[in-house]
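According to the numbering used here, the sequence shown holds residues 1 to 288 in order. Below you'll find the structure, written out as structure tokens, and then a few comments.
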Amino acid sequence: VDPGEVIAAWRRLSVGAALTALTLTFIGLGTGIVRWRLLLRAYGAIDIPSWARLVHLYMVGHFYNTYAPGGVGGDVLRGVASRKAFGDVTWASATTGVAVVFIERVLGVSALLGLAAGAHFYRPLPGLENVGVWAGLGLAVGMLALGGIALAPRLTPWLPKKLAEPIRALPRLYTWWPFVGAIVASLIIHSLNAVAGHAIMHSLDPAVKASESAVAMPLVSASAFFPFTVGGAGVREAAFAALYGTVGVPEATAYAGSLSFWATQLISAGVGGLVNLWIPISGGPDDR
Numbered sequence: 001v002d003p004g005e006v007i008a009a010w011r012r013l014s015v016g017a018a019l020t021a022l023t024l025t026f027i028g029l030g031t032g033i034v035r036w037r038l039l040l041r042a043y044g045a046i047d048i049p050s051w052a053r054l055v056h057l058y059m060v061g062h063f064y065n066t067y068a069p070g071g072v073g074g075d076v077l078r079g080v081a082s083r084k085a086f087g088d089v090t091w092a093s094a095t096t097g098v099a100v101v102f103i104e105r106v107l108g109v110s111a112l113l114g115l116a117a118g119a120h121f122y123r124p125l126p127g128l129e130n131v132g133v134w135a136g137l138g139l140a141v142g143m144l145a146l147g148g149i150a151l152a153p154r155l156t157p158w159l160p161k162k163l164a165e166p167i168r169a170l171p172r173l174y175t176w177w178p179f180v181g182a183i184v185a186s187l188i189i190h191s192l193n194a195v196a197g198h199a200i201m202h203s204l205d206p207a208v209k210a211s212e213s214a215v216a217m218p219l220v221s222a223s224a225f226f227p228f229t230v231g232g233a234g235v236r237e238a239a240f241a242a243l244y245g246t247v248g249v250p251e252a253t254a255y256a257g258s259l260s261f262w263a264t265q266l267i268s269a270g271v272g273g274l275v276n277l278w279i280p281i282s283g284g285p286d287d288r
């Protein structure tokens with residue numbers, strides 16, 4: 001693709017669309033913080049961090065997920081940093097904290113696959129007839145992962161001691177309603193991302209329909225989970241070009257949309273980086 005064509009396409013992006021996408025990104029992050037707190041409550045946290053502490057850890061985690069390869073470093077960091085929610089600062093509490101964050105990610109991926117499948121069945125994109133099948137398989141894997149976490153501690157009496165100890169530290173679901181709330185929050189987050197992406201793409205190409213973005217954007221969001229990439233760079237651009245290409249969006253326009261959407265992630269994650277510089281991850285005297 002000619003870089004000049006990408007730049008020319010990018011110049012069609014309106015300020016209003018850019019600000020809308022950025023605002024929705026921050027609202028999505030706020031919803032993510034609520035989801036994390038709901039899951040901490042659902043899995044029996046006895047000393048849930050303050051809202052300020054949750055915002056701090058979530059934004060710093062978002063920074064590392066976006067700017068460091070793999071997209072999971074920030075999740076591990078906030079899982080370990082929130083270990084006091086489960087009683088102490090031992091490795092067992094850290095294991096529980098990281099597992100809760102992993103569950104959060106599983107719910108997130110399941111939600112985006114569910115949204116993509118639902119939108120596809122309503123109005124499928126040409127050439128993507130198997131989206132529903134792959135989304136169904138992804139949802140099944142997510143359910144197996146959640147089921148495995150729930151059942152694993154019950155197997156510890158029959159496991160070797162060195163293996164049983166970390167498995168025993170896996171969280172147990174104590175309350176259903178916060179868990180259901182976390183599922184709803186996941187659907188809201190990825191719906192907001194889809195609207196943000198559509199705002200950008202519709203500004204670049206007014207022929208793009210909301211129903212098309214409802215299928216494309218959740219699948220694009222999955223690119224952030226690809227290993228050995230920085231925030232899904234490269235994979236995301238290919239996904240934008242392939243998915244929006246099915247509805248006639250020129251490749252240069254799709255790349256411009258992808259880079260614009262990535263910019264919203266970079267800006268919001270940059271705020272997390274500034275927070276990390278301002279407040280150390282230790283969080284202060286009481287670590288709450």
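All C-beta atoms in this analysis are idealised placements derived from N, C-alpha and C, irrespective of residue type, glycine included.
Look at the beta carbons and you see the region 259-272 touching the region 231-250: at least three pairs across the two are nearer than 8 Å. With a 10 Å radius around the Cβ and a threshold of 16 neighbouring Cβ atoms, E129 comes out exposed.
In this model, A214 and H202 are separated by some 12 Å (Cα to Cα).
Take the alpha-carbon of V247 and the one of L204: they are about 14 Å apart. Inclusion of R35 and A185 in the CB contact set at 8 Å is warranted, their separation being smaller than that value. With a minimum length of 4 residues, the unbroken runs of alpha helix (DSSP H) contained wholly in the region 240-278 fall at 251-278. Apart from sequence neighbours up to five positions away, no residue of its chain approaches L19 with a beta-carbon distance below 7 Å.
Going by C-alpha positions, A216 is about 44 Å away from K162. In this structure, V109 places its C-beta atom within 8 Å of the C-beta atom of G138. Annotation for Y64: the continuous alpha helix (DSSP H) segment containing it runs W51 to Y67. For S203, the enclosing alpha helix (DSSP H) covers residues W176 to L204. DSSP places K84 in the helix class (H, G or I) of the three-state scheme. Here P171 is near Y43, since their CB atoms are less than 8 Å apart. For L219, the enclosing alpha helix (DSSP H) covers residues A210 to S221.
With contacts defined by Cβ atoms closer than 8 Å, T95 and A169 form a contacting pair.
F121 sits exposed, since fewer than 16 C-beta atoms from the chains shown fall within 10 Å of its C-beta. Take the alpha-carbon of V275 and the one of S268: they are about 11 Å apart.
Comparing alpha-carbon positions, the option among G73, P160, L159 and A111 lying closest to V141 turns out to be A111. Taking the CA atoms as reference points, I279 sits about 33 Å from I149. In this structure, the straight-line span from the alpha carbon of I7 to that of T253 is close to 9 Å. Pairing F86 with G74 gives a Cβ-Cβ distance that is not under 8 Å. Counting C-beta atoms within 10 angstroms of its own C-beta, I46 has fewer than 16 neighbours from the protein chains shown and is therefore classed as exposed.
No Cβ-Cβ contact shorter than 8 Å links T156 with A145. Annotated as distal: N193 and S223, with beta-carbon spacing of 8 Å or more.
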